[in-house]
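Quick note: the sequence shown uses our numbering, first residue 136, plus one each step.
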Amino acid sequence: MFRGFIKTAAASPQLRVADVEYNVCRIIEMMNTAYDAGVKLLVFPELCITGASCGDIFRQQRLTDAARDGLQDIIDASTDMDMVIFVGLPYEKDGKLYDVTAAVKDGSLLGIVPKSNVRAMNELNQIRVFEDGQEIPEIIDTGLFYGIGDEELFDEEGLTEEDLSRISSEPGKDDFFRIVDDFEAETGEGEEASEEVSEGNTEDHMSDADEEDIDDDGLFWCEDEDEYIAETIEAPFGVNIVFECTEFDGLSIAVEMGEERKLLYSPGARHATAGAQIIVNPCAVPALAGSLKDTEDELKAYSSRICAAYVRAGAGCCESTTDYVFDGSRIITENGSLLTSDTDPESGILITDIDFEMLRIERKNNSAFIRMDEQDADEDYIFVGFEYYGQENEELDRIIEKNPFVPASREEELCESILDIQARALAKRLEHTRSKRIVIGLSGGLDSTLTLLAALRAAEINGFGPEYILCLSMPAFGTSEQTRSNLNALASATGVELREINLKESLLRHFADIGHAVDVHDSAYENAQARERTQVLMDIANMEGGIVVGTGDLSEAALGWCTYNGDQMSMYVVNADVPKTVIRQIVGWTARTTDNKDLSEALLAVLGTPISPELLPVDAQGQIGQRTEDIVGPYELHDFFIYYMLRYGYSPERIVYLAENAFRGQFGRSEIIKWLGVLYSRFFASQFKRSACVDGPKVFSVDLSPRGELCMPSDAVGELWKKEIELLKYADETELL
């Protein structure tokens, strides 16, 4: 655990309506299963101790008493469980009955949250039985007792191990008192006191007890009666309770029951403004045709609006089917994303990991998220602290996407959207500048291919055909036959004009003019080619009355993998906010969806070509001699790093942890650390290039434009990040040794 994640489960146990003993056994079984799986937050459905469909049977005192005893059994069973458990039951207070969710941890009751708007929602005709819960909490004597663990609670003259075993196997306050009575009867001690305890008359004894006599298990020694007395739990009762983990900033939980999110002023939204980052939703909702998909969409939107994680645990098909079938939905969403969802009655429990660290940062950076006034929070809310004592780093149960920009599940949708944004942006720039042509340096690689696809769409939007686009092929010392074949195939398939201008002679003259040896393949040798290409493009654009559309992308800009005033420069750049891996996705998507067979084949050939600037000579076989990813590292990793570094500002340590989970089996930890170090070094060294970047459309929430998106000084140093990388390397090497 934790590293910013909390392993979370939503559970729908197999129940029998009104059979409390059976239901509690199933709940405890699931508690044990979840705890063995490393779960730290477990949510059960609304009224699961009794079943939610009891109707007027809820009026029966026997049922509500049994439910309270069942909660005691759950409290006892939770002893030594490092897990917060939310469980639903009917609960009587001050002569009124409430539909509540109890928060239990490690043999204690943290709080009781009633449903706030029974009358407004009137789900399952609950208005016949239950009262609306009070918003502002009060501390009450719950009448429940702290759980008793397996450790020895008393001194050598106290209860035996056999007694403790009986307590553990038969939990509940009545059983505890019976065991105390049996123990005293066997020893002949405290008979009078036993009678008083068995009658539940504990108030006088508790008032006489000294504070220091109370032990960690909620028992205190009464000197007058010469025996241990169980202390009842005092806990808050009310809607406005936030349960806060004291060790981790942002790990805070609140309860919203049933369908209360549909209220105009929902409790969940209010809890979020008070600081709760995880909203748990015990519910019991009838299933309707198509309702699961609708609910998933609602919860994604709701979690995005309140910038929180939402954990829904619904009552299942074991409820009464007199009038309804209950949906049994277990859905966990996080800030607009569906983490996992299931209604399979056989599985019963759904486990994933909530990224509470991401939520904390998202709220900090989101100006639309407004926290409740601190004074109002203090007046209206009770904040209950708790601790986790186990912090082992378990493997994540959630999938960390390798490409966070365009997850595989949304590839079709987002590729179309991105290409449309690029085309419309370029169309507007062409219209504004009254350009007669689009001029592109077509290399046969990924970036220029996507630029061509966007230009074709932009030309169509403005009422032009492919002849509006002029592509230039400018071979030099590193141009391979493979890329030349690619660009010729692309031009032929799309019908654009293609001109070839060989730059070798002009470059040789340039090297002679500046006194640079042709066989010295340094940065001047490489950059001269990039700048010569840019000059040719600019001059021909002037001759044609058009604009040069650049091909550079977000990945190259972040790494500084571009020539200043070379390929860094153009008159407009459509790929400015598109990372290399997404360019690959869009080109692949176009190849799959186009009706143009020749274009599809040309695009597939581009996808099979190694990424290269082609600035160094080809090898003896005429193949590409300079492979970008051999030098700067895999773009798949870099795009992953860039997203989490810029979107959330994560530390190197957390980025490495996420990458290990995303690329398990593909890249090892040492390799991930190595390439992350390359990114930080190049990123800080290259800000001066980004400070002079060309106009281009924003596509993602991550953008490197200096015009408001990345306000970063060009001379900022990255020593803090580099030192952390070195520490990670040292720790990794030490562990290997």
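Just so it is clear, CB atoms sit at the ideal spot from N, CA and C, and this is done for glycine as well.
Proximity of residue i and residue j at Cβ, strictly below 7 Å
| i | j | result |
| --- | --- | --- |
| A404 | I368 | no |
| S387 | G410 | yes |
| S615 | V722 | no |
| L672 | V574 | yes |
| R533 | L474 | yes |
| P539 | Y778 | yes |
| G650 | L750 | no |
| P787 | E859 | yes |
| P714 | L689 | yes |
| L874 | L245 | Outside the displayed span of the chain (136 to 872) sits residue 874, for which this structure offers no information. |
| V178 | A145 | yes |
Simplified DSSP state of residue i, which is helix, strand or coil
| i | result |
| --- | --- |
| R572 | coil |
| D674 | helix |
| A320 | Note that A320 has pLDDT 43, beneath the 50 cutoff, so the model's placement of it is unreliable and the number below is only indicative. Reduced to three states, the DSSP call for A320 is helix. |
| P402 | helix |
| S304 | Residue confidence is low: S304 scores 44 on pLDDT, short of 50, so the model does not pin down where it sits. Its coordinate-derived value is still stated next. Note: S304 maps to helix in three-state DSSP. |
| R634 | strand |
| R545 | helix |
| G205 | helix |
| R447 | strand |
| P421 | strand |
| A370 | strand |
| G685 | strand |
| I107 | In this structure the chain extends from 136 to 872, so residue 107 is not present and cannot be described. |
Cut-off 8 Å between Cβ atoms - residues of its own chain near residue i, not counting five sequence neighbours on either side
| i | result |
| --- | --- |
| A187 | P180, E181, G223, L259, A419, A450, E454, F461 |
| E391 | S401, P402, G403, H406, I414, V415, N416 |
C-alpha distance - residue i paired with residue j, whole-angstrom precision
| i | j | result |
| --- | --- | --- |
| L565 | A737 | 27 Å |
| A422 | T618 | 57 Å |
| N597 | A562 | 6 Å |
| A692 | G685 | 13 Å |
| E522 | M216 | 12 Å |
| L781 | S476 | 29 Å |
| Q670 | S552 | 33 Å |
| N375 | I271 | 6 Å |
| D654 | Y815 | 32 Å |
| D515 | G373 | 10 Å |
| Y233 | P249 | 6 Å |
| S333 | L206 | For S333, the pLDDT reaches just 34, beneath the cut-off of 50, and the residue's location in the model is therefore unreliable, although a value from the coordinates is still provided. Those two C-alpha atoms are separated by around 20 Å. |
| T236 | T277 | 13 Å |
| Y157 | V377 | 31 Å |
| G385 | L494 | 8 Å |
| E595 | N677 | 22 Å |
| R842 | T698 | 21 Å |
| G695 | V446 | 42 Å |
N-terminal and C-terminal residue of the alpha helix (DSSP H) that residue i is part of
| i | result |
| --- | --- |
| N375 | No alpha helix (DSSP H) holds N375; DSSP gives it neither H nor E. |
| K824 | 822 to 825 |
| A145 | Run containing A145: none in the alpha helix (DSSP H); it sits in the beta strand (DSSP E), 140 to 146. |
| C418 | C418 -> not in any alpha helix (DSSP H); beta strand (DSSP E) instead, spanning 413 to 418. |
| C160 | 155 to 171 |
| P787 | 787 to 797 |
| L738 | 732 to 742 |
| V717 | 715 to 728 |
Short CB-CB distance (under 7 Å) between residue i and chain C
| i | result |
| --- | --- |
| A866 | Absent here is chain C; the protein component of the structure consists of one chain. |
Residue i: first and last residue of the uninterrupted beta strand (DSSP E) it sits in
| i | result |
| --- | --- |
| R263 | First-last for R263: undefined, no H or E at that position. |
| E469 | 465 to 469 |
| G680 | No beta strand (DSSP E) holds G680; DSSP gives it neither H nor E. |
| K499 | Unbroken run through K499 is the alpha helix (DSSP H), 491 to 500; no beta strand (DSSP E). |
| I517 | 517 to 521 |
| Y873 | Because the chain spans 136 through 872 in this model, residue 873 falls outside it and cannot be assessed. |
| A389 | 387 to 390 |
| E227 | 219 to 228 |
| D477 | 472 to 477 |
Same chain, Cβ closer than 6 Å to residue i, neighbours up to 5 away in sequence not counted
| i | result |
| --- | --- |
| E379 | S387, F518, G520 |
| A444 | I413, E469, I489 |
| A201 | V155 |
Cβ shell of residue i (< 7 Å), same chain only, five flanking positions each side left out
| i | result |
| --- | --- |
| D867 | R804, S805, I808 |
| S705 | V683, V684, G685, V829 |
| I790 | F776, Y779, M780, L811 |
| M507 | T408, A409 |
| L863 | P787, E788, V791, I808 |
| S251 | D267, G268, E270, V374, E395, P402 |
| G760 | G613, L751, P752, V753, D754 |
| E764 | I746, Y770 |
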